[in-house]
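Written below as structure tokens is the structure these notes are about.
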Amino acid sequence: MLSEETDACGPKPAGCEKGVVIIMNEMLRILTRRSFAAGRIRNLIAALAIALTATLFTSVAAIAMGTVESLTLTMQMQKMSRSDGELHYMTREQFEALRESDLIETAGLRMPVGFVSNTLRHNIELDVEDEVQAELTFCAPDHGRAPRAENEVVASDLALRELGVEPQVGAQITVSFTAHGQEYTLPLVVSGWYKALNDQMSVMWPGTSFRDAHPEIFRYTFREDHDMAGTYFSDFTVRSTVHLEENLRKLVRSLGGDPDDVQSPDYLQSVVNRATNARMNPARMAAAAVFTGLFMLCGYLLIYNVFDIAVMQQIRRFGLYRTIGMSRRQVRALMNRQALWLGGVGTPPGLLAGFLIGKAALPVIMSTLSTEYRNLAVSVSPSPALFLTGAALSAFTVWISTRKPVRVAANTPPVEALRFVERAGARRGSRRSAPGANLFRLAWSNLGRSGRRTVFIMLSLALCVVLLNCVGTVAESVDVEKQTAFMIRTDFAVVNVASASNLKGFTRRSEALRRQTMEDIAAQPGVRDGSAVYKNTAEDTNVTYDFGHPMTEQSFVNPYSGLTFAFDEAFRSFGLGRDGRPMCNVYGMEEIALSRMDLREGETDAHALYEKMAAGEGVLVGVNVDRRDMSLNPFVDLVEVGETITVYKNGQAVMELPVLAKAAANGDDREIGYTVNGPNEIGGDGPLLYLPSCIYERLYDQPSVYKYSFDVKEGYEEETTAFLDDYMKNTDPDINYLSARTARESAEKSREMIRFVGGTVGVIFGLAGVLNLINTMITIILTRRREFATMESVGMTRRQLTKMMVYEGVCYALGGCLPGLILAAALNMTLVRGLLASMWQFTFHFTLAPALAASVVLLMVSGLIPILTLRFFHRGSVVEQLRAAD
Amino acid sequence: MTKFRDKSISFTHLIPATALVPVFLGIFQEGIPDAVIRAGLFLSGSLICLLAFLGEREQRRRWRDFADDICGTVDALMDGRAPENSHPCEDSQEARVQGKLLQYYDWMQECQRQSRQERQTLKELVSDISHQVKTPLANIQMFASILRQRRLDENKREEFLTTIAEQAQKLDFLMQSLIKMSRLETGILVMHMENNRLCDTIAQALSGILALAEQKGIGIDVSCGSDLMVWHDVKWTAEAIGNILDNGVKYTPKGGRISISVCPWQFYTRVDIADTGMGIAAEHYNDVFQRFYRTRDAAALPGVGLGLYLARSIVARQRGYITVKSEIGKGTVFSVFLPNGAE
Amino acid sequence: MDIVTIHALKKYFGRGPGQVKALDGVELSIEKGRFTAIVGASGSGKTTLLNMIGGLYQPTEGSVTVDGMDLARLTEEELTVFRRRKVGFVFQDYNLAPELTIRENILLPLLMDEARPDGIFFSEITGLLGLKEKLDAFPHMLSGGGQQCAAIARALITRPSIILADEPTGSLDGKTGQSVAGLLKMTAEYFHQTLIMITHSEELAQLADRVVRLQDGRIVQ
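Residue numbers (the working numbering), protein chains in the order written: chain A, 1 to 886; chain B, 1 to 343; chain C, 1 to 221.
See below:
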């Protein structure tokens, strides 16, 4: 053995030129790139899965953010301010100090003068404002410019038309108003105009030079006579909205004002703009969290499977790498890099698609809200926050879902990993060759190969079925009749526009329906059983009621109605009349209207009751229903049948009215539909008192009709609707109406929305399941090529093979759908039922139809997928297949 | 390497250099209105400078540690100690370099051991040679002295002279083999690899044994493509094949056959030399290639047991190899594998 | 000098009545720089023995010392690095990464160590194994013999302490198998490597300097 070793120590002959230049420092980069080239389909599916997840998150975030943004803007427009808050009744010094305050970012200047008196339908408020204020309150001029000279003003188009001129820069107008008891009539020039946000009211504003030119109007006399003219108001934005309320109080105190005591001469009212600074709603946040969780689960199911399959397909590779010395850390890094790459490829299109979907879906969702919010402004902007949220959530999901597969890839012992496919193949091969094996049993037994993956596919399919069914049940359970019945008792109800707004409500005599209007309506063909309903207003402070309910001393001034409210120990609030007794919400109606009410206790015969009441022998008390079960709500059930209510007028007891009966009051009985703000602003939680018209007219000085309700004869609905629309537009713009049909439509719309949103979620889960299934099928076909080829070579026909795979697909669907159906039924009877019981709009209604429909579709799809994938991925002769398997 | 280091130095200085820009901006640029922004610029710039400085110091420390580690290992190895804190299987660059050093050290140790062994083998070789040479020399001396001392008849004389000549020939053969062997073993011999026709080489090898074969009545078949070119050294390959053939002729009884066949493979060209001789037992497959090995059955025949050893050495030097397959009493096939690849 | 020392080595798979005693008390030492063939029928524990030397399995009992390291004492991570730096594997079915070119496959173990390949050494190896023209091809474009040559090159590139070949000719036809075994032996000798090869062919075993016979988890002879 000597000869070979002799030159061992000598220098190696450097016979090889240094020609092979090898610079490959980044192994991971190469391996990742190569693996991408190698597994194109797999990576396509992975990128798709990630894109789908990103789409989910982004679209939902877009819809959520868009809804919030739109609602906020809508509410701000209704409130006519986009500020963070307002301060009222300041002196000039206080205002200057406010501007300098650290809390305030920008503060607008507003000096109210009063309402313009030479108007009829459109109210014009005359305020001196600066441009900051105008900007914050949506009355900056769209045409022309801000006022400079003392006689220049900016006004809305509606205000200008009301004053008889076309909206146009330079138009001359004459304006009358009263300040400090003195009437003024001034000629003014329009320097700019803007489009009014609502029909009822707009602001006309001259600049500060107007104030300087008319010092007598702006005398500060608030402490003496509470005259607003001369005081400073301000809408402002703050630097930080954290603890806004508290900070505002501090600010008021630092300005020398009193934030709490209305009676104090130093009273300074501060109001936080709830439209801008909506309170965080825990229920809404919880819902958002649940949805986010659900989508993450969906993404998890999808991405996990994709990566699980990727690992399985590459396990031999990893085994090889591990054998020749790749550490676990390096395997993990390799997988992570793949995930990062796929995320980088999949996320951007997902974000874009999500944004577009969200943008497209938003109007649909918003339109279902439009019954409760008028003049909706729909807006969603491609904000970085939106994309960041979408990207962060999908990145997080990718990270979460790849943990396990990455760990498996890194931790599989190299020898096992290297042999993975061979061993499995051998085992199956022997079993498969048994002649006459039942194809279906064969397919079923194949499912057990990768337990977790199988479970995930079935789980996402089952979730799809369950979700769709839950949504279907909820949609089915929307009780349209119940909602319609709550909203309106007649075919039509005509009210003042104030009553149609959830933020206003009927509170003033000026808002009463005109007699002419009612007569015009009554004259319409088909209209029958018309009845006007009176309601007390904020001006009727001279009529009060004593029903023996103790109240605490605490009180506050309702900013909308201007009434003082008192509380009892349970924090029920009561609007107080001039003599300090509750005013209650008092309605005057005719017998036909009363007969429609839902009498529960005492005298339940409407006719007999009306007779007695008309004779002055008593009163009908309405109690708000608990909408869930339509029972009387005990919180506001303050008087019992048989008790006596004493009526005071101008401080004198004028009547003693025993409670004859109690009625369950719905939305129609209180105001109209869901808008019940009027009663809240007047009587508060005090009892609803229903009196016959004759008594009401006797009791109140200037009875105002707030509602005119009527039925129509069969077939006259269309006609009446057309008439009312036309009348509202052309003759009396101060009215609005609700019909049984629109009430029904609005209820149905909420059902539509539930179907739309829930259906989308269900379909997405279904999509995830189907995508999982496709991915699995492709994997099965690719990894079992050799096995298939072997089977084909021993005589299994392509038809049989297809059949077996179809069975396998169907097995997955069955495994998902059957438990899904059972779970759906179980959930229906428990969770959904319980949930619906707590919401009055629903009446639980059991159904499995959506689940069955979804199951049928899924079964069909899962039968179809194997056929298609086999066609695409299992081509060529047996020999080729056998070779490809190497 | 120097290129790389230059780059890294300029890079480590680039960061603090660029970081100085915001620092100066922060100090001198009055144009930036907000004091907060200026302070921020200044602070962030300074922070980057500081971090770069600390980073560089840390890097230097690491380099020093690394050098210390390596030097420590080298020192230990020079002193013949086992290096301290050696973790050859740690996934770090230090461990990698350390491992390489140890590998090199082992290698040197191995070389020393081998050269010692070589001296030993050389000694054995000398004794072997002296032993091998002794017999023919003694014979020659003996016959020479007999011839000189006694008067012998012509026949006897002729016989003795023939014997002397034979012994001298044997001696010559032995010397030739030894020279070849020593040249092979000491590496003086350089192969002149060329792309040549293999059948020419085989023909050359055959020329040395044809006479003997004819004498013993052994038929020789050759099947070899005349245009088969193989990258090899003609002279030495002929020698190797010749030795195998010689061996074959020697151990094949009269009237036997020797056949040579050549088949080109993917990596190797295989030359099979089959005889119909006594055969070799499987357990002696490896032994036949040993120096001075002779099977017991072959003891009666002339030879020194160097032929196959030389053949194997020659083929190995050309990066080929020889295998043997045999059946006792039926014959032996030697397969010479010559690599095809021209480097 | 022994590079591999195996003492009282036992390796059992599974537990209870189904337990398989793959190796049952193996004593073996292998000299540095020599070519050892391990011969035995299938199921005799050859592969297990080889995998134990390569640090792929941990022994149930006994010790395996390779290049002065007791493998039983190494952690999983250290074993990985051990395989990377000290062992070159040649498998029956080549086990080249199909998505990498031949060049990348050969350099892979070095890349895992973040090491810069030695160009001269690389071209020497690829020249010897006749791979020069095929470096940028993918494994499936090569014949079985060519792939096994690439695997041999990959085993050599790190200048390991031992090369372990598990039936390197098992997937090849007789002719190519002979050639590949010859190449393996030749390159191992050329680079003064210790080579341990599993085979069930006596013909190939004769290439080795030493033949170890394994039967039922024990060394016979």
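Ideal Cβ placement from N, Cα and C applies to all residues, glycine included.
Taking the beta carbon of Y57(C) as reference, the chain A residues within 9 angstroms of it are P413 and V415, listed in sequence order.
The beta carbons of P658(A) and T644(A) sit closer together than 8 angstroms. Of all residues in the region 143-156 of chain C, only S143, G145, G146 and C149 place a beta-carbon less than 9 angstroms from a beta-carbon of chain B.
For H214(A), the three-state secondary structure derived from DSSP is coil. Boundaries around C817(A) are those of the alpha helix (DSSP H), R798 to L827, since no beta strand (DSSP E) includes it. Excluding five sequence positions before and after Y57(C), the CB atoms of its chain that fall closer than 8 angstroms to its own CB belong to K11, T48 and N51, given in chain order.
DSSP places V324(B) in the strand class (E or B) of the three-state scheme. With 16 or more other CB atoms across the displayed protein chains lying within 10 angstroms of its CB, W236(B) is buried. Under DSSP, E183(A) takes part in a beta bridge, and its partners are T178(A).
With a cutoff of 8 angstroms on beta-carbon distance, A512(A) and Y706(A) are scored as near each other. L320(A) sits buried, since 16 or more C-beta atoms from the chains shown fall within 10 Å of its C-beta. With distances taken between CA atoms, D568(A) lies nearest to L576(A) out of L576(A), S561(A) and G562(A). Per DSSP, the beta bridge partners of P339(B) are Y268(B). By the Cβ-count criterion, N155(B) is exposed, with fewer than 16 other Cβ atoms from all chains shown falling within 10 Å of its own Cβ. Comparing alpha-carbon positions, the option among R670(A), A286(A), R755(A) and T760(A) lying closest to R489(A) turns out to be R670(A). Sixteen is the threshold: when 16 or more other Cβ atoms of the shown chains lie within 10 Å of the Cβ of P850(A), as they do, the residue is buried. Those residues of the region 187-214 of chain C placed with their C-beta closer than 7 angstroms to a C-beta in chain A are E189 and H192, ordered along the chain. About 10 angstroms separates the beta carbon of I280(B) from that of V333(B), a gap too long to meet the 8 angstroms contact definition.
Unbroken beta strand (DSSP E) runs of no fewer than 3 residues, entirely contained in the region 624-654 of chain A, are found at 644-649, following chain order.
Contact annotation: Q206(C) and I163(C) have beta-carbon atoms that are not nearer than 8 angstroms.
In this structure V290(A) is exposed. Its beta-carbon is surrounded by fewer than 16 other beta-carbon atoms within 10 angstroms.
At a cut-off of 8 angstroms between C-beta atoms, F267(B) counts as an interface residue with respect to chain C. Scanning its chain for C-beta atoms nearer than 8 angstroms, with the 5 sequence neighbours on each side dropped, one finds around E194(B) the residues W231, H232, D233 and V234, in chain order. The criterion of a C-beta distance shorter than 8 angstroms is not satisfied by Q176(B) and N139(B). A Cβ-Cβ separation of about 5 angstroms places I273(B) in contact with I244(B) under the 8 angstroms criterion. Close partners of F13(C) in chain A (Cβ separation under 7 angstroms) are lacking, with about 11 angstroms as the shortest Cβ gap.
By the neighbour-count definition (other C-beta atoms within 10 Å, threshold 16), A211(B) is an exposed residue.
Contact between the region 201-211 of chain A and the region 122-129 of chain A is established, with three or more Cβ pairs separated by less than 8 angstroms. For K21(C), no alpha helix (DSSP H) segment is defined; the enclosing uninterrupted segment is the beta strand (DSSP E) at V20 to E31. Under the three-state reduction of DSSP, N666(A) is assigned to coil, being neither helix nor strand. With respect to the C-alpha of L599(A), the residue from P582(A), N624(A) and A213(A) having the closest C-alpha is N624(A). By the Cβ rule, the region 210-221 of chain A does not count as touching the region 246-259 of chain A, because fewer than three pairs are nearer than 8 angstroms.
In this structure V190(A) is in contact with L160(A), their Cβ atoms being roughly 7 angstroms apart against a cut-off of 8 angstroms.
Against chain A, the CB of V81(C) has a partner CB under 8 angstroms away; the residue lies at that interface. With fewer than 16 other beta carbons inside 10 angstroms of its own, N650(A) counts as exposed. Segment contact: the region 682-695 of chain A against the region 478-485 of chain A, fewer than three CB-CB distances shorter than 8 angstroms; contact not assigned.
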